[in-house]
Structure formats: structure tokens, C-alpha cells
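Asks: I am attaching a structure below and will ask some questions about it afterwards.
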Amino acid sequence: MKKKVAASQGWRCGNCSALLDETYEVDHRLALYRGGSNDESNLVALCPNCHRKKTVEERIATQP
């Protein structure tokens, strides 16, 4: 599934459009805990920098 998601994006990061290398990661567009699913339409391939940034932003947003 990981390669399928990246290929559907033209091997570009779903956030910054950088060309993905072997370190790319797949994440949920809408987190599972917020009602997202594991469906391919809810997955996005990201470069490691964008994935880190997205994760930090989500953690900050969910803090009380």
C-alpha cells in the first residue's frame, strides 16, 4: 500500500511536493483517533520533514 500511495502522488511529497526518496513515510490525512480510516483515500506520502512537522502540529492541537 505504501508504494501505491506514493506512486499515486507521482512520488512527490503530499505537502511540499519534494521528490520522495527511500525515507518517505505514509500518514493518515485525518488521524484515526479523529475518525479517519485506513482507506487509501485517507493516506498521504510525506517526506520525513513534512511528516515530523505534521505530527508536531497535531500534538500541539490536541493538548488541553
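As numbered in the working numbering, residues 20 to 83 make up the sequence shown, in order. Built from N, CA and C at the ideal position, the CB exists for glycine as well.
(1) Within a Cβ cutoff of 7 angstroms, which residues of the same chain sit near residue 28, ignoring the five residues on either side of it in sequence?
(2) Quick one: is the Cβ of residue 82 within less than 7 angstroms of any heavy atom of the ligand SAH?
(3) Return the first residue and the last residue of the alpha helix (DSSP H) that residue 50 is part of.
(4) Spatial neighbours of residue 48 within its chain, please: CB distance less than 6 angstroms, with the 5 preceding and 5 following residues excluded, ordered by chain position.
(5) Flag this pair as yes or no: are the beta carbons of residue 50 and residue 77 separated by less than 8 angstroms?
Replies: Once the coordinates are examined:
(1) Numbered from its first residue, the sequence shown carries residue 28 at position 9. These residues qualify, in order along the chain: 64.
(2) With respect to the ligand SAH, the structure shown offers nothing to examine, as it has no ligands at all.
(3) Residue 50 sits at position 31 when you count from the first residue of the sequence shown. No alpha helix (DSSP H) contains residue 50, which DSSP labels as neither H nor E.
(4) By one-based count along the sequence shown, residue 48 stands at place 29. Around residue 48: 61, 63.
(5) Residue 50 sits at position 31 when you count from the first residue of the sequence shown. Residue 77 sits at position 58 when you count from the first residue of the sequence shown. Taking 8 angstroms as the Cβ cut-off, residue 50 and residue 77 qualify as a contacting pair.
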